[in-house]
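Enquirer: Protein sequence lines, in the order shown, are assigned to chains F and U. Final position of the first sequence in my numbering is 566; the numbers increase by one with none missing. Final position of the second sequence in my numbering is 627; the numbers increase by one with none missing. Take a look at the following structure, please.
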Amino acid sequence: MATELPRTDVVVVGLGAAGGVAVLPLVNAGLEVVGLEAGTWLAPADFAPDELRNNYRGWPQAVQKANREIPTHRPTASAPPSPRLAIHPMMNAVGGTTLHYWAQSWRLNPWDFKVVSETRRRYGASRIPRGSTVEDWPFGLEELEPFYDKVEVELGVSGQAGNIRGAIDRRGNIFEGARARAYPMPPLRGTGFTNMMAGAARSLGWHAFPGPAAINSGRYQNRSACVYHGYCARGGCHVSAKGSTAVTTIPKAQRTKRLNVVTEAHVIKVDVDRNGRATGVRYVKDRTEYIQPASVVLLASYVYENVRLLLLSTAPGFPRGLSNNHGQVGRHYFSHNQVSTVNALFPRDLNAWYGLPAQGVAVDNWADDNFDHAGLDFIGGGNLWVYSDRRPIAAASMSTFGRAPRWGAQWKAFVTENADRANTAYLQKTTLPYEDNYLDLDPSVKDPLGYPVCRITAEYKDNERKVADFVQDKMIDWYRAAGAIATEKTPLGTMGPTTHAYGGTRMGDNADTNVVNRWGMSHEVPNLGILGASVMGTSGSRNPTLTAQALAWRTADYLTRNWQTITA
Amino acid sequence: MADLSRRDLLKRASAAGALAAVPGATASSAEAAGQAAEPAPDPLETLSPGEAETLEAIVSRLIPSQPDAPGAREARAAHYIDRALGGALAQFREIYLFGLTNLNTVANARKGARFSQLSGTDQDELLAALERNDVPGFGPPSAATFFNLVLAHTLQGTFGDPFYGGNRNFAGWDLLRYPGVRLAVTPDEQRLDQRPRQLHMSAYDYAMFKARPPARASMRPPHKDGHGD
């Protein structure tokens, strides 16, 4: 028998990047909020600079609910399943994956909101790839700008503006859309290596600039500046310089006394009444089932889990899953195709052992529609990113560029000479949704509670392959201009579980093709909101988190301004 | 398993006798390279003595020792694996058990002796065949699966934090000229022409992490270091 708890105004499922941001505007408006988080609180002492633990053993401190429900993957509906990952790419904890993410905090470019109309206008309708279900967003960048701004200030984003109210600043990204004001902090510092790469980009006539990061370049809101120690990627920040929601918006919301954080809560279902309104959620904690009644339910878990929870929440009015009477839950899934990249070997030490993935230099000349695609056979592009960050096990596992075997005396001589002479770029590329790339429930694989895990059916299509090839060629040009003596492309990955997953509960005005409306509220369940990259309909060529967070703030803001109507 | 251990021990004893009679026939890289005495063995936690001997022989070929450059043997990579197989890597215990046994079976059939008693050339030849998955009858696990697993764990044991029992005396980090775990890095330490001073510190030598070392039993299985976030 489930224990029914006192009613709250809003229950937020998941206190990670999106839920952790949304709670702040909610409590600031006077609403009582319960935040259900599957993980626990972690402290700076949990964030040891230990490559083996962080990067090879999946960082085990938190309650890793995610690791018990790793999605399965198959390329197509008729293909056999791919080998299942041993570790979920995301994690559970208060703050979620913002504890160990790279914290690159990009805004999308204006084109990303209007891929369909802009492609038609510039190149003709025939250039939308066959089978793609891509739509324009229901609004443009200018609608999201104020919310990007709020999140940048609350989390503390460092960066160099490139476009303030239309005035272009060549120190920043000249391709970015207009911003209301500068970043709250200057960018993270460059290194000898990233400065060398920036010079090489300029020698090619390209525009190089430092990228934005939710990491303090100086002391900010009583938190330390970054110390560049090299264990940021999949390690937490021991000085709290990373603007995780665990050290920014969540504690700030708690100080109002209106946010109740419940840890180790495993949500299993969203309940609805006979009128099709959400009544609250059910969760398991310490083997006991609880019902948390709420006037509004906000799903803020990761893409795969948002979709899974909806599909598991069947009810008489929703036989195919909650908010799924139009059959759109799980559709329009895509991931970011950042696995295909370029390795480069230099004839000199780069001294790139330290730093962090966000300490780098970007080139946006080949991203989005920043270049003419008239003579090309694809749309979109990629952001080129090079950074300083290298740890010993990964360095020893480096490619030998065909110059040595993988082990033995020759290998040893090779790595002894080259451990600090190689670099791998980070290439985020346009990806599109397609009819036959989707998420559903796996018919046979279940979590320990007996619920089916999420199943991914997806593979990259022609457009994604062509973008990857093009962007990798540009990256090779860049490395060669910087003096690389060898380069190699890495293959296209699968579309299995990834940190950059999108879609499944897409946002749009048309209820026939989208799960949530332009405010992030369900088309079918008026008091159910969905937060995170699962609502995004395009990827852009850059990290999703800041956009997911701006959207989360915007949905929360909409709720507070329309509370009476939504809860009537 | 008990039978296997006993058999291993017997074979090891007879092999050791043969070894004593023919000095120089062994593939011990450290000896061949004129290294000083072998390090005192670490007490075994998971593997049988026979398994440990075979594993030691493998890792010593994967990252061989040289007079001026210690290898996996000095880093105690096999000790790291032995410990981890009782905790974080426990799920691979069986693969090691069968893989090491199969390797000795193949070594006996092809070369007439246990793997650890073969010449370095013969050992390399067998390892290369494993890597190519070109050992008919090997497995399960497949030869390549076993090889790749041991290689990955040898890298972890040689280049991972010494807290886990490998990378003894920071041999792995010194080999790569990794400047060490620091809690903060200065702008000068990121200059192109700089080489930061080599520090010999485990993460858990630092006071703020000493109190909360990772619990070995709760470790997750390893995975390939992914593509980032």
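Built from N, CA and C at the ideal position, the CB exists for glycine as well.
Just curious, the alpha helix (DSSP H) that P390/F is in, first and last residue?
Expert: Run containing P390/F: 390 to 394, per the alpha helix (DSSP H) assignment.
Enquirer: Given a limit of 9 angstroms on CB to CB distance, which residues of the segment 347 to 366 of chain F reach chain U?
Expert: Those would be D347, L348, N349, A350, W351, Y352, G353, P355, Q357, in chain order.
Enquirer: Using 10 angstroms around the beta-carbon of M493/F, count the other beta-carbons present and answer buried if the total reaches 16, otherwise exposed.
Expert: M493/F comes out buried.
Enquirer: Would you kindly work out how many angstroms separate the C-alpha atoms of G18/F and V259/F, rounded to a whole number?
Expert: 10 angstroms
Enquirer: For M183/F, does the three-state DSSP call read helix, strand or coil?
Expert: M183/F falls in the strand class under three-state DSSP.
Enquirer: I'd like to know whether the C-beta atoms of Q1/F and Y385/F end up nearer to each other than 7 angstroms.
Expert: It is worth fixing the name first, because residue 1/F is Thr in this sequence and not Gln. With a cutoff of 7 angstroms on beta-carbon distance, T1/F and Y385/F are scored as not near each other.
Enquirer: Kindly say whether L483/U, judged by its beta-carbon, lies nearer than 7 angstroms to any beta-carbon of chain F.
Expert: Proximity of L483/U to chain F, defined by a Cβ-Cβ separation below 7 angstroms, is not satisfied.
Enquirer: May I have a chain-ordered list of the alpha helix (DSSP H) segments no shorter than 4 residues that lie completely inside the segment 338 to 412 of chain F?
Expert: Fully enclosed alpha helix (DSSP H) runs of 4 or longer: 390 to 394.
Enquirer: Just to confirm the assignment: which complete alpha helix (DSSP H) runs, minimum length 4, are found wholly within the segment 431 to 482 of chain U?
Expert: 447 to 460, 470 to 473, 475 to 482
Enquirer: Relative to the C-alpha of A548/F, which candidate in L374/F, G518/F, Q357/F, R404/F has its C-alpha closest?
Expert: G518/F
Enquirer: Is the distance from the Cβ of V10/F to the Cβ of A313/F below 7 angstroms?
Expert: no
Enquirer: What is the rounded straight-line gap between the Cα of E116/F and the Cα of T131/F?
Expert: 15 angstroms
Enquirer: How long is the line joining the alpha carbons of A421/F and I162/F, rounded to whole angstroms?
Expert: Checking the sequence, you will find Asn at residue 421/F rather than Ala. If you take the alpha carbons of N421/F and I162/F, they lie about 33 angstroms apart.
Enquirer: Look at the alpha carbon of V420/U and the alpha carbon of T543/U, and state the distance between them as a whole number of angstroms.
Expert: Low confidence applies to V420/U: its pLDDT is 33, below 50, so where it sits in the model is not reliable enough to give any reading.
Enquirer: For E174/F, name the three-state secondary structure that DSSP assigns.
Expert: coil
Enquirer: I'd like to confirm the pairing. Which residues does DSSP put opposite G33/F in its beta bridges?
Expert: V10/F, V259/F
Enquirer: Closer than 7 angstroms, CB to CB, is A548/F near chain U or not?
Expert: For A548/F, the answer is no, since every Cβ of chain U falls outside 7 angstroms of its Cβ.
Enquirer: Provide the residue(s) that pair with R221/F in DSSP beta bridges, ordered along the chain.
Expert: The partner list for R221/F (beta bridge, DSSP) reads Y218/F.
Enquirer: Taking Cβ positions, are W351/F and P577/U nearer each other than 7 angstroms?
Expert: yes
Enquirer: Measure the CB-CB distance between A356/F and A211/F and report whether it falls below 7 angstroms.
Expert: yes
Enquirer: Straight-line CA distance for R516/F to N90/F?
Expert: 28 angstroms
Enquirer: Contact between the segment 452 to 467 of chain F and the segment 81 to 90 of chain F: three or more CB pairs below 8 angstroms?
Expert: no
Enquirer: Rounded to the nearest angstrom, how far is the Cβ of R481/U from that of E529/U, given a contact under 8 angstroms?
Expert: That pair is no contact at about 25 angstroms.
Enquirer: Check the Cβ of Y494/U against every Cβ in chain F and list those closer than 8 angstroms, keeping chain order.
Expert: Here the premise fails: no neighbours, minimum Cβ distance about 17 angstroms.
Enquirer: Please report the straight-line C-alpha distance between T424/U and K63/F, rounded to a whole angstrom.
Expert: Because T424/U carries a pLDDT of 38, less than 50, the predicted location of this residue cannot be relied on, and the following value inherits that uncertainty. If I take the Cα positions, the gap works out to 50 angstroms.
Enquirer: According to DSSP, is Y449/F helix, strand or coil?
Expert: coil
Enquirer: Determine the DSSP secondary structure at M505/F, reduced to helix, strand or coil.
Expert: strand
Enquirer: Could you check the C-alpha separation between F332/F and V533/F for me, to the nearest Å?
Expert: 11 angstroms
Enquirer: Could you check whether V279/F and L526/F sit closer than 7 angstroms to each other, using their CB atoms as the reference points?
Expert: no
Enquirer: By a C-beta neighbour count over all protein chains shown, 10 Å radius and 16 as the cutoff for buried, is F133/F buried or exposed?
Expert: Per the sequence shown, the amino acid found at residue 133/F is Glu instead of Phe. Result: buried.
Enquirer: Give the straight-line distance between the Cα atoms of A434/U and D466/U, rounded to the nearest whole angstrom.
Expert: A caution first: A434/U carries a pLDDT of 46, below 50, which makes its placement in the model unreliable, though a value can still be read off. Taking the straight line from one Cα to the other gives about 11 angstroms.
Enquirer: Distance, Cα to Cα, L257/F vs P4/F?
Expert: 14 angstroms
Enquirer: Taking the straight line between their C-alpha atoms, what separation do you get for R401/F and L310/F?
Expert: Computed Cα separation, rounded: 52 angstroms.
Enquirer: Beta-carbon of R55/F versus every beta-carbon of chain U: anything under 7 angstroms?
Expert: yes
Enquirer: Give me the Cα-Cα distance between L547/U and G497/U, rounded to the nearest whole angstrom.
Expert: Annotation: L547/U to G497/U spans about 10 angstroms, alpha carbon to alpha carbon.
Enquirer: Going by the CB atoms, is the gap between A46/F and A486/U shorter than 7 angstroms?
Expert: no
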